[in-house]
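What follows is one structure encoded as structure tokens, with my remarks underneath.
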Amino acid sequence: MFQRFFGRERHANRAITEALYAQIVAAARQTVFYSDWNVPDTPLGRFEMLSLHMFLFQHRLRDEDDAAAEVAQVLIDEFFLDVDHSLRELGISDVGVPKRMKKLAKMFYGRTAAYDDALRADDRAALAAALARNIRPDSAAWSEAASLAGYVSGASRQLAAQPTESIVAGTVAFPAAGAG
Numbered sequence: 006m007f008q009r010f011f012g013r014e015r016h017a018n019r020a021i022t023e024a025l026y027a028q029i030v031a032a033a034r035q036t037v038f039y040s041d042w043n044v045p046d047t048p049l050g051r052f053e054m055l056s057l058h059m060f061l062f063q064h065r066l067r068d069e070d071d072a073a074a075e076v077a078q079v080l081i082d083e084f085f086l087d088v089d090h091s092l093r094e095l096g097i098s099d100v101g102v103p104k105r106m107k108k109l110a111k112m113f114y115g116r117t118a119a120y121d122d123a124l125r126a127d128d129r130a131a132l133a134a135a136l137a138r139n140i141r142p143d144s145a146a147w148s149e150a151a152s153l154a155g156y157v158s159g160a161s162r163q164l165a166a167q168p169t170e171s172i173v174a175g176t177v178a179f180p181a182a183g184a185g
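Going letter by letter, the sequence shown gives residues 6 to 185 in this note's numbering.
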């Protein structure tokens, strides 16, 4: 029993978690989002892109069971730990963090529901509208939302084609933004 918690298996699981999370973060930080598609390069803009990629990862593993479901849960926990850490780095006090975390969690789950509905219906216009509403609420018309919606649709298809075994082993590949 202690071997599981302190031995190689725990270390291997942590390595897989860190590898997957690093790949999700790298996908969310693609410069095209910020330089060409006008996603705000702010803490909130980066949260939106990380949330979007975390959604894509969760969407891919949603109907899986056993190890894949466990990986999905561990990654969502890792995401919220990272958000908590980021809030603290931004100078939010220990008293203010729980309130902000609750708000950010509500934002995350609200967004994922809208993105999920649009992807399930294969409605790129609805997806672009949801992305614009969440990522650029300050802009009456965000023309780059269609490009981001195309990326999200393509990423969802690419992730669906990846073997679950590969993902559970620590490899997830997102497409290059703006490549197609």
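Ideal Cβ placement from N, Cα and C applies to all residues, glycine included.
Contact set for residue i: own chain, Cβ-Cβ below 6 Å, skip 5 residues either direction
i, result
"Q35", "A182"
"E69", "T169"
"N18", "none"
"R65", "L164"
When the options are compared against residue i, the one with the closest alpha-carbon
i, options, result
"L61", "A130, R116, V88, T22", "R116"
"P180", "V37, E75, A20", "V37"
"I140", "G50, E23, D41, L25", "G50"
"A119", "D99, W147, S144, V157", "V157"
"S161", "L57, Y26, F52", "L57"
Beta carbon of residue i nearer than 9 Å to that of residue j
i, j, result
"F1", "I21", "With the chain covering only 6 through 185, there is no way to say anything about residue 1."
"L136", "L124", "no"
"A33", "M54", "yes"
"A150", "A134", "yes"
Assumed close pair residue i, residue j - CB separation to whole angstroms, cut-off 8 Å
i, j, result
"L92", "R105", "6 Å"
"L95", "P48", "6 Å"
"W42", "S152", "5 Å"
"G155", "R129", "7 Å"
Residues of its chain near residue i, where Cβ-Cβ distance is below 8 Å and the 5 sequence neighbours each way are ignored
i, result
"Q163", "A178, F179, P180"
Own chain, CB closer than 7 Å to residue i, minus 5 neighbours either side, in chain order
i, result
"E23", "none"
"D46", "Y39"
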